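Novice: Below you will find the structure I want to go over with you.
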Amino acid sequence: MKIKHFINLSKGLTAPVVLGLMVVYQNFTLGPWVYLALHGTYGVMWLLKDRIYPDKQWEEEIPIGMGILGFGILMLYWVAPFIKFPQAENPVSNDRVRSYRNQRVAFIVGSL
269 MKIKHFINLS KGLTAPVVLG LMVVYQNFTL GPWVYLALHG TYGVMWLLKD RIYPDKQWEE
329 EIPIGMGILG FGILMLYWVA PFIKFPQAEN PVSNDRVRSY RNQRVAFIVG SL
């Protein structure tokens, strides 16, 4: 197993996991949608980057146990929506909209 396999699996599953948590908790408010948009597109872009410009350092072979451990560690990124999505959100305020806008700008600039 190569290092990139468990990393790509984690990044690729983020959008379905987040969407699944939205369905399980029936929380389709602005916060979960923004989380899904940001982390889901990041995962898709990561997979595209790996396909178009593969990174040589992720091609190293590792034991299956290390891959499972690495995937388990990367699953910790899913803890935030697991904790946040069951909570009800307040109606959208101008501060919240401004915060989401700033997050989107930071994501776009960081992706360049």
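Quick note: the sequence shown uses the numbering used here, first residue 269, plus one each step. Cβ atoms here follow ideal geometry from the backbone N, Cα and C, with glycine treated the same way. The structure presented is a predicted model; accordingly, all values stated were derived computationally and were not measured.
Counting only the same chain and skipping the five closest in sequence on each side, list residues whose C-beta sits under 8 Å from that of T282.
Specialist: For the purposes of this step, residue 282 is taken as residue 14 along the sequence shown, with counting starting at 1. Answer for T282: H307, G308, Y310, G311, Y345, W346, listed in chain order.
Novice: Starting from the C-beta of N295, find all residues in its chain whose C-beta is less than 6 Å away, skip the five residues before and the five after it, and write them out in chain order.
Specialist: Residue 295 sits at position 27 when you count from the first residue of the sequence shown. Excluding residues within five positions, the ones whose Cβ falls inside 6 Å are F353.
Novice: At the level of alpha carbons, what is the spacing between P349 and G288?
Specialist: Residue 349 sits at position 81 when you count from the first residue of the sequence shown. Residue 288 sits at position 20 when you count from the first residue of the sequence shown. Each residue's alpha carbon lies about 10 Å from the other.
Novice: Just tell me which of Y368, N370, I351 has its CA closest to the CA of V292.
Specialist: Start at 1 with the first residue of the sequence shown, and residue 292 comes out as number 24. When each option's Cα is compared against that of V292, the closest is I351.
Novice: Give me whichever residues DSSP pairs with K317 in a beta bridge.
Specialist: Looking up residue 317 in the sequence shown gives position 49. DSSP, once it has assigned bridges, lists no residue as partnering K317.
Novice: Among residues of its own chain, excluding the 5 on either side of W301, which ones have a beta-carbon nearer than 7 Å to its beta-carbon?
Specialist: Locating residue 301 in the sequence shown gives position 33, counting from the first residue. Result list for W301: empty, nothing under 7 Å.
Novice: Check E327 in the structure and name its three-state DSSP category.
Specialist: Taking the sequence shown and counting its residues from 1, the one referred to as residue 327 is at position 59. E327 falls in the helix class under three-state DSSP.
Novice: Using a Cβ-Cβ cut-off of 6 Å (strictly less than) and excluding sequence neighbours within five positions of Y390, which residues of its own chain qualify?
Specialist: No answer is possible for residue 390: it lies beyond the span of the chain, which begins at 269 and ends at 380.
Novice: Give the single residue among Q371, I271, G338 whose Cα lies nearest to the Cα of G299.
Specialist: Stepping through the sequence shown from its first residue, residue 299 is reached at position 31. For the residues Q371, I271, G338, the minimum Cα distance to G299 belongs to Q371.
Novice: Going by alpha carbons, who is nearest to I376 out of D323, P322, M313?
Specialist: Position 108 of the sequence shown, counting from 1, holds the residue named residue 376. Of D323, P322, M313, the residue nearest in Cα terms is M313.
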